[in-house]
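With positions in the sequence shown counted from 1, the corresponding number in this note's numbering is that position plus 67. Note that CB positions come from ideal geometry on N, CA and C, so glycine has one too. This report concerns only the one structure given below.
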Amino acid sequence: MHYRDRAEAGRKLAGLLSDLRDKGELPDPVVLALPRGGIAVAAPVARALDAPLDVLVVRKIGAPHHAEFAVGALAADDPPLFDSDTLDRLGLTEERLRPTVERERAELARREHRYRGDRPPPELKGRTVIVVDDGLATGATARAALRHVWRRGPSRVVLAVPVGAPDSLDQLANEADVIVCPHRPAGFSAVGQWYADFGQLTDADVLDVLDALHAR
């Protein structure tokens, strides 16, 4: 299964999540997108569920000299969440990664302010929270996002991604009540390989989606 673009992937998720809603399994939903890529996937989901959409900014903590390889992640103002096994395997320490953490926390704060301004984050207590991204590779950012959401008192948490690495999805099984992922290829190497168009989104793209949904 390959997706034409993130919008098509979002429509696929929207159909699956609508089925769950119709069964009464998604009461009082709110959709949180992991920007930037997750916002284009989350928009069709929010429209289909008639649910509010907001962003949850999470930043990957990359390995030195290999920034795309996640050894941990940051969500909001939570402490960094590291993969201890990966740190041990690479001979890394949290102290050595401190400059990376500080840099990513600064970028996280910049994006939070850019996307939300003075608008407070949505109330999650007692609600069904659906966390959406455009795919799942190592699962580091998703894990940080899910644990942050749980701290805010939801009644139910759902992770929804169009494609994901099977091992990583298995490792997240206890982090959410439900994981919706229609494509779990054995030959997974990167999220982008499962999209014909996987162009990078900008801050302006994120704001356009949020403005359109809020105007609705």
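Of the candidates A211, V273, V225, V225 places its Cα closest to the Cα of R194. In the structure shown, T205 adopts coil according to DSSP, grouped into three states. Within the same chain, G206 come within 7 Å of Q238 by CB-CB distance, once the 5 residues on both sides are set aside. In this structure, the CA atom of I128 is about 16 Å from the CA atom of R103.
Exclusion of the five residues before and after V276 leaves I106, A107, A110 as the residues of its chain whose Cβ lies within less than 7 Å of its Cβ. Comparing alpha carbon positions, the residue from F255, V247, D272 closest to D86 is V247.
Residue nearest to R163 within the set D185, A130, P119, D201 is A130 (criterion: CA-CA distance). A residue is called buried when at least 16 other Cβ atoms come within 10 angstroms of its Cβ; A74 does not meet this threshold and is exposed. Assigned with DSSP and collapsed to three states, V124 falls in coil, not helix or strand.
Around the CB of T269, fewer than 16 other CB atoms lie within 10 Å, so the residue is classed as exposed. DSSP links R223 through a beta bridge to T195.
If you look at A110, you'll find it isn't in any beta strand (DSSP E); it sits in the alpha helix (DSSP H) that goes 104-116.
Within a 10 Å sphere around the beta-carbon of G184 sit fewer than 16 other beta-carbons, which makes this residue exposed.
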